[in-house]
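2 protein chains.
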Amino acid sequence: MRRVVQQRLLEIAIREFGVKGLEGASTRSIAAAADTAMSSITYHYGGKEGLYLAAADYIARQMGDHLAPALARGEVFDVTSPEGARATIKAALSSLTDKMISDESATWALFIVREQMRPTEAFERIYGGMMGRMLEKLTDLVCVATGSRDSCTIRIVTITLIGQVIALRASRASMLKLLERESIDAEAADLLKARIVANIDAILDRVISERQDLP
Amino acid sequence: MRRVVQQRLLEIAIREFGVKGLEGASTRSIAAAADTAMSSITYHYGGKEGLYLAAADYIARQMGDHLAPALARGEVFDVTSPEGARATIKAALSSLTDKMISDESATWALFIVREQMRPTEAFERIYGGMMGRMLEKLTDLVCVATGSRDSCTIRIVTITLIGQVIALRASRASMLKLLERESIDAEAADLLKARIVANIDAILDRVISERQDLP
DNA sequence: GTCTATACTACGATAGAC
DNA sequence: GTCTATCGTAGTATAGAC
Chain Z
10 MRRVVQQRLL EIAIREFGVK GLEGASTRSI AAAADTAMSS ITYHYGGKEG
60 LYLAAADYIA RQMGDHLAPA LARGEVFDVT SPEGARATIK AALSSLTDKM
110 ISDESATWAL FIVREQMRPT EAFERIYGGM MGRMLEKLTD LVCVATGSRD
160 SCTIRIVTIT LIGQVIALRA SRASMLKLLE RESIDAEAAD LLKARIVANI
210 DAILDRVISE RQDLP
Chain G
10 MRRVVQQRLL EIAIREFGVK GLEGASTRSI AAAADTAMSS ITYHYGGKEG
60 LYLAAADYIA RQMGDHLAPA LARGEVFDVT SPEGARATIK AALSSLTDKM
110 ISDESATWAL FIVREQMRPT EAFERIYGGM MGRMLEKLTD LVCVATGSRD
160 SCTIRIVTIT LIGQVIALRA SRASMLKLLE RESIDAEAAD LLKARIVANI
210 DAILDRVISE RQDLP
């Protein structure tokens with residue numbers, strides 16, 4: 010049962026570093042919450058900073074594991090056709106919406122958002138893992154779905170598409186206030202996903218019509 | 010020059026609390042960065058927690074000051090007509106986009122996002138100020154622009170509209186990576202705002218057409 | 001590999017000088 | 001109103017027992 014201690018350590022570290030950042034979090038409380046001695050952090054990760062980077066790597070790995078089925082589900086469709094690409098985008102963002110609504114995501118989401126807003130070396134590890142590949146993949150899909158070539162405009166479209174989903178987590182409390190709810194139940198989740206899918210159609214259709222107007 | 014010290018204290022507190030959270034930040038370093046003694050925090054705010062809440066109030070006040078011109082600009086239009094309401098939504102979200110892209114917003118944005126994801130009493134103060142009123146106002150505008158009555162669906166539309174803008178800050182590093190830039194220059198900012206305005210049209214038009222299909 | 005013990009620094013709160 | 005001084009606690013790192 011070697012790795013159990015390290016896994017507990019990493020999961021608690023993600024929560025603690027997420028809330029308090031690298032400097033703010035304490036190895037003492039992380040170790041205590043993981044039911045181990047503080048010096049085991051030194052042993053396994055060389056110190057606080059090593060634990061922080063290990064936590065980032067753990068997030069990158071977990072994201073890969075969680076997102077793989079979402080993208081695999083997309084591969085049911087023919088991603089070389091506009092319709093298939095669009096269906097894949099919808100499936101991927103619906104799946105991501107489920108993740109963003111779920112309580113589990115609260116743990117690592119703060120870690121990632123902090124790195125998004127104040128990037129350190131840890132962000133390179135997270136982005137260099139699954140996240141970067143997923144964004145590039147999504148950009149490709151937007152190209153196919155709209156019949157466009159890769160461009161700054163297309164990438165901005167990609168950003169606004171995924172932005173709707175990210176904001177569900179990044180402005181969660183405001184969203185709950187506006188919806189006058191304590192949490193997102195299954196019914197509200199379905200409404201959210203339906204709206205995001207409808208918005209994807211609306212935005213992609215507009216990009217296509219812009220494309221046909223100009224040249 | 011009484012208030013200068015307190016203002017410096019608050020602005021530095023927002024930055025420090027934003028990065029490290031209530032527990033993680035240290036009153037010592039906040040006071041040092043503000044060039045004053047730590048005990049002045051005790052004197053003015055009663056302690057660390059008081060400073061945290063004062064920082065939240067300061068953010069709420071600043072948001073009001075910054076957003077007032079944006080909403081006032083909207084009042085050029087007739088907000089009782091669908092066209093005027095739509096134009097106001099576009100103006101407000103364009104202005105908000107400028108804020109989210111600007112470097113100043115990096116300071117208080119992390120404070121707010123942390124409260125969004127792990128709300129404390131401070132969130133009530135921020136939401137109870139300008140933020141809540143602005144979201145309700147935006148919801149009203151979406152109702153007028155689409156000819157709908159207030160509903161869960163309309164509020165979800167509002168969330169996705171503003172979500173695009175919020176994500177610019179909440180996933181900033183990823184966005185910069187995807188755009189292959191170090192920062193957002195004026196040209197990219199214009200492209201972003203144009204896309205967001207186009208998306209607003211696309212989404213609102215779709216809501217209107219959905220409305221006409223059903224009943 | 002995991003623990004205890006320890007050295008040293010930094011923390012928040014408070015009392016009291018000015 | 002702002003400062004210094006000080007107290008008790010909690011922080012990281014490290015050495016060494018098992």
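Sequence order for the protein chains is Z and G. Here our numbering runs 9 ahead of the position in the first sequence, where the first position is 1. Here our numbering runs 9 ahead of the position in the second sequence, where the first position is 1. For glycine and all other residues, C-beta sits at the position ideal for the given N, C-alpha and C.
Close CB contacts of residue 42 of chain G within its chain, under the 6 Å cut and outside five residues either way in sequence, are with 21 (chain order). Our two residues, residue 13 of chain Z and residue 144 of chain Z, have alpha carbons roughly 32 Å apart in a direct line. Put simply, the CB of residue 202 of chain Z is far from chain G, with every gap to its CB atoms at 7 Å or more.
About 7 Å separates the beta carbon of residue 155 of chain G from that of residue 220 of chain G, a gap short enough to meet the 8 Å contact definition. Contact with chain Z is found for residue 126 of chain G, since one of that chain's Cβ atoms lies less than 7 Å from the residue's Cβ. Chain G has no Cβ within less than 7 Å of the Cβ of residue 109 of chain Z. A check of alpha carbon separations from residue 26 of chain G across Z/23, Z/33, Z/84, Z/196 identifies Z/33 as the nearest. Contact holds between the region 154-173 of chain G and the region 172-182 of chain Z, because three or more Cβ pairs, one in each stretch, are under 8 Å apart. Of all residues in the region 128-141 of chain Z, only 128, 132, 136, 140, 141 place a beta-carbon less than 8 Å from a beta-carbon of chain G. Taking C-alpha positions only, residue 120 of chain Z is separated from residue 23 of chain G by approximately 19 Å.
Measuring C-alpha to C-alpha distances from residue 70 of chain G to each of G/215, G/207, G/134, G/212 identifies G/134 as the nearest. When the five nearest sequence neighbours on each side are left out, no beta carbon in the same chain lies closer than 7 Å to the beta carbon of residue 149 of chain G. In the same chain as residue 186 of chain Z, and ignoring 5 residues on each side of it, no C-beta atom comes closer than 7 Å to its own. For residue 47 of chain G, no chain Z residue has a C-beta closer than 9 Å to its own C-beta; the minimum C-beta separation is roughly 17 Å.
Residue 216 of chain G is positioned such that its CB atom lies closer than 7 Å to that of residue 166 of chain G. Between residue 165 of chain G and chain Z, the shortest Cβ-Cβ separation is below 7 Å.
Look at the region 38-79 of chain G and you find these whole runs of alpha helix (DSSP H), each 4 residues long or longer: 48-54. A distance of 7 Å or more separates the beta carbons of residue 67 of chain G and residue 60 of chain G. Within 10 angstroms of the beta-carbon of residue 130 of chain G lie fewer than 16 other beta-carbons, which makes it exposed. Following the DSSP letters along the chain, one finds residue 122 of chain Z inside the alpha helix (DSSP H) bounded by residues 114-126. Residue 57 of chain G places its beta carbon 7 Å or farther from that of residue 30 of chain Z. Here residue 113 of chain G is exposed: its Cβ has fewer than 16 other Cβ atoms, across all protein chains shown, within 10 Å.
Closer than 7 Å at the C-beta level to chain G, one finds these residues of the region 25-38 of chain Z: 28, 29, 30, 32, 33, 34.
Burial of residue 124 of chain G is indicated by the presence of at least 16 other C-beta atoms within 10 angstroms of its C-beta.
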